[in-house]
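Chains as they are written, first to last, in the working numbering: chain G, 980 to 1054; chain U, 980 to 1054.
Just so it is clear, CB atoms sit at the ideal spot from N, CA and C, and this is done for glycine as well.
Source: prediction; values computed, not measured.
Working notes for the structure below.
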């Protein structure tokens, strides 16, 4: 089984904001951002900062409540 | 001026552990890890998790006390 590396993004969208609107407003490809939310992209550090900026949060917030990598490997 | 995206790693090495030893023990290229410490690499999410694992910390710890991306852009 492949290891999924994922950051947490969707919880930072306001309740009335769709993934599609968020992506459009921030010049992100909707399919790219959808992949990010599903852990399908091996994001680069620059894109992590870009997405955190668009969400208005510190990049570290995207790693909140994420399992550490040992726990991920044990899945 | 280019924007530097950087994670904080060196502070997690124990005081008696050199960058070279840490890289060697964790199958990382020393030059690669040196570049990481200097913010010269646009790390991927998978490598962020790999390095955090090698350092024994949660990936979010690598973003502690980092400026948010707005602040980075203002440099």
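Since I believe residue j is in contact with residue i (beta carbons under 8 Å), could you give me their beta-carbon distance rounded to a whole number of angstroms?
i: residue 1013 of chain U; j: residue 984 of chain U; result: No, residue 1013 of chain U and residue 984 of chain U are not in contact; Cβ-Cβ is about 16 Å, not under 8 Å.
i: residue 1025 of chain U; j: residue 1021 of chain G; result: 5 Å
i: residue 934 of chain U; j: residue 998 of chain U; result: In the structure as shown, chain U starts at 980 and stops at 1054, and residue 934 of chain U therefore has no counterpart that could be examined.
i: residue 994 of chain U; j: residue 1041 of chain U; result: Rounded, the Cβ-Cβ distance is 19 Å, inconsistent with contact.
Can you tell me which of the three DSSP states residue i falls into?
i: residue 1023 of chain G; result: strand
i: residue 985 of chain U; result: coil
i: residue 1036 of chain G; result: coil
i: residue 1003 of chain U; result: helix
i: residue 1041 of chain G; result: helix
i: residue 1017 of chain U; result: coil
i: residue 994 of chain U; result: coil
By alpha-carbon positions, which one of the options ends up nearest to residue i?
i: residue 986 of chain U; options: G:1033, G:1034 and G:1023; result: G:1023
i: residue 1038 of chain U; options: G:1043, G:1037 and G:991; result: G:1043
**Prompt:** Do three or more CB pairs link the region 992-1008 of chain G to the region 1027-1035 of chain G at distances below 8 Å?
**Reply:** yes
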